[in-house]
Amino acid sequence: MLIIDGKKVSLDLINELKASVESFKAVTGKVPGLTVIIVGQDQASQAYVRNKAKTCKEIGMISTLIEMPAETTQELLLHTIHELNNDPAVHGILVQQPLPEHIDELTVTLAINPSKDVDGFHPENLGLLVMGDLDKCFVSPTPYGILELLDRYKIETQGKHCVVVGRSNIVGKPMANLMLQKLDAANCTVTICHSATKNIPFFTRQADILIAAVGHAGFITADMVKPGAVVIDVGINYIDDPAKKSGCRIVGDVDFDGVSAIASAITPVPGGVGPMTIAMLMKNTLLSFQRFNGL
Ligand code: GUN
0 MLIIDGKKVS LDLINELKAS VESFKAVTGK VPGLTVIIVG QDQASQAYVR
50 NKAKTCKEIG MISTLIEMPA ETTQELLLHT IHELNNDPAV HGILVQQPLP
100 EHIDELTVTL AINPSKDVDG FHPENLGLLV MGDLDKCFVS PTPYGILELL
150 DRYKIETQGK HCVVVGRSNI VGKPMANLML QKLDAANCTV TICHSATKNI
200 PFFTRQADIL IAAVGHAGFI TADMVKPGAV VIDVGINYID DPAKKSGCRI
250 VGDVDFDGVS AIASAITPVP GGVGPMTIAM LMKNTLLSFQ RFNGL
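Going by numbering that gives the first Met the number 0, the first residue of the sequence shown is number 0, and it counts up by one from there.
Here it is as C-alpha cells:
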C-alpha cells in the first residue's frame with residue numbers, strides 16, 4: 000500500500016518554483032506578486048493566509064496581505080480589487096473565503112480580472128476548464144494539486160472510473176471536470192455523488208479512483224471502497240482530542256485506518272492534499288507572471 004506523500008511532493012514543487020522565479024528574475028529583473036485579501040478575523044482563514052505568505056516568500060515572490068475589518072463594505076472591497084486588477088506588480092489576487100454575510104461572494108469573484116484569478120474561481124476560468132482549454136485558464140489549486148499528485152506518482156488513470164464525492168464549486172465540480180479531460184493524469188469515466196445521491200456506497204465501491212471532498216470526518220469507510228482503489232482525501236475536519244495541547248486534531252473525510260488496509264494508494268490527512276493546494280497556488284501565480292511577461 001502506497002502512502003501518497005503530498006508534503007514531499009509540495010516541497011519538490013516549491014524548490015522547482017523557486018529555481019524558476021530566480022531564473023526569470025535574472026532575465027526580466029521582475030518577480031511574481033500575489034496579493035491576498037482577508038476580510039474579518041476567522042481563525043482558520045488567518046492560519047491559511049499566514050501559510051500562503053510564508054511559502055510565497057520562500058519561493059522569492061512578493062506576498063502582500065490586505066487585512067480588512069469584518070464590517071468592510073462590499074463597495075470598498077470591490078474598489079480594492081479594481082486597484083489590484085490595474086496594478087502591474089500584482090499577478091495573482093486571492094480573496095480568502097468565507098466572506099462576511101453582507102458581502103456577496105459571486106459579485107466579488109466576478110470583480111477579479113480572470114487573468115489574475117489564481118484561485119480559478121471566476122466563471123471564465125471554470126468555463127475554460129470545462130471546455131478543456133487548460134493552457135488558457137487557471138485551475139483551482141486543490142483539484143490541480145490532486146492531478147499533480149496522480150501524475151507524479153504515475154497512477155494509472157486512463158479509462159478508469161473516478162468517483163468524486165462532493166459537488167462544491169471549489170473542489171468537487173472542478174475536480175470532476177478535470178478528471179474528465181483528455182490528460183495524462185486524467186481521461187477517466189467520472190461520477191459525482193452528493194448529499195442527494197441515493198446509495199452512495201453503491202457508487203463509491205465502483206471507483207478505481209475515489210476522491211472524497213465532503214467535509215465530514217471519516218465519511219468514507221472501508222466497506223465503501225473497492226479493494227485496490229486509489230483514495231484521495233480532500234477533507235480537513237477538526238475533531239476534539241483531549242490528548243492534544245490545542246484540544247483538537249485534523250482528520251480527513253476518509254477513515255484512514257480502515258481504508259488504508261484495502262486501498263492500493265491513499266493520501267493522508269494532514270500531509271496529503273493540503274500542502275499541494277498552497278504549492279499549486281504558487282504555481283498559478285508564477286504562470287500568471289509568465290503570461291503577463293510573455294515568458
Ligand atoms: N478558503 C478555504 N480555501 C480557500 C481557497 O482555496 N481559496 C480561497 N480564496 N478561500 C479559501
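Every residue gets a Cβ at the ideal spot worked out from N, C-alpha and C, and that includes glycine.
Boundaries of the beta strand (DSSP E) in which residue i is found, first to last residue
| i | result |
| --- | --- |
| Ala211 | 208-211 |
| Ile191 | 188-192 |
| Val163 | 160-164 |
Where residue i falls, given that 16 or more other Cβ within 10 Å makes a residue buried
| i | result |
| --- | --- |
| Tyr143 | buried |
| Cys136 | buried |
| Glu100 | exposed |
| Val26 | exposed |
| Ile238 | exposed |
| Gly171 | buried |
| Glu82 | exposed |
| Cys247 | exposed |
| Gln40 | exposed |
| Lys282 | buried |
| Thr220 | exposed |
| Ser287 | buried |
| Gln180 | buried |
| Asp254 | buried |
| Gln95 | buried |
| Pro274 | buried |
Helix, strand or coil at residue i [DSSP, three-state]
| i | result |
| --- | --- |
| Glu66 | strand |
| Cys136 | coil |
| His81 | helix |
| Thr266 | coil |
| Asp103 | coil |
| Leu16 | helix |
| Leu10 | helix |
| Ile145 | helix |
| Val38 | strand |
| Leu285 | helix |
| Leu98 | coil |
Cα-Cα separation, residue i to residue j
| i | j | result |
| --- | --- | --- |
| Val61 | Gln73 | It is Ile, not Val, that sits at residue 61 in the sequence shown. Straight-line Cα distance between these residues: approximately 26 Å. |
| Phe120 | Pro68 | 23 Å |
| Ile261 | Lys159 | 18 Å |
| Pro200 | Ala110 | 40 Å |
| Ala278 | Ile13 | 6 Å |
| Gly293 | Ala216 | 44 Å |
| Asp86 | Pro267 | 39 Å |
| Val272 | Val233 | 6 Å |
| Ser259 | Leu146 | 20 Å |
| Asn186 | Pro140 | 19 Å |
| Gly59 | Leu76 | 27 Å |
| Asn176 | Val129 | 6 Å |
| Asp118 | Phe23 | 22 Å |
| Gly91 | Val138 | 13 Å |
| Thr190 | Ile208 | 11 Å |
| Glu155 | Ala195 | 30 Å |
| Thr71 | Ile36 | 12 Å |
| Gly257 | Asp222 | 9 Å |
| Glu57 | Asn198 | 46 Å |
| Asp116 | Pro241 | 40 Å |
Beta bridge counterpart(s) of residue i as assigned by DSSP
| i | result |
| --- | --- |
| Leu33 | Ser62, Gly91 |
| Arg248 | Ile238 |
| Asp232 | Ala211 |
| Ile277 | For Ile277, which the question treats as bridged, DSSP gives no partner whatsoever. |
| Leu1 | Ala264 |
| Ile309 | In the structure as shown, the chain begins at 0 and stops at 294. Residue 309 is therefore absent and cannot be evaluated. |
| Ile154 | Partner(s): none; Ile154 has no beta bridge. |
Element boundaries [alpha helix (DSSP H), containing residue i]
| i | result |
| --- | --- |
| Pro122 | 122-130 |
| Met178 | 171-179 |
| Phe201 | 199-203 |
| Gly257 | 255-259 |
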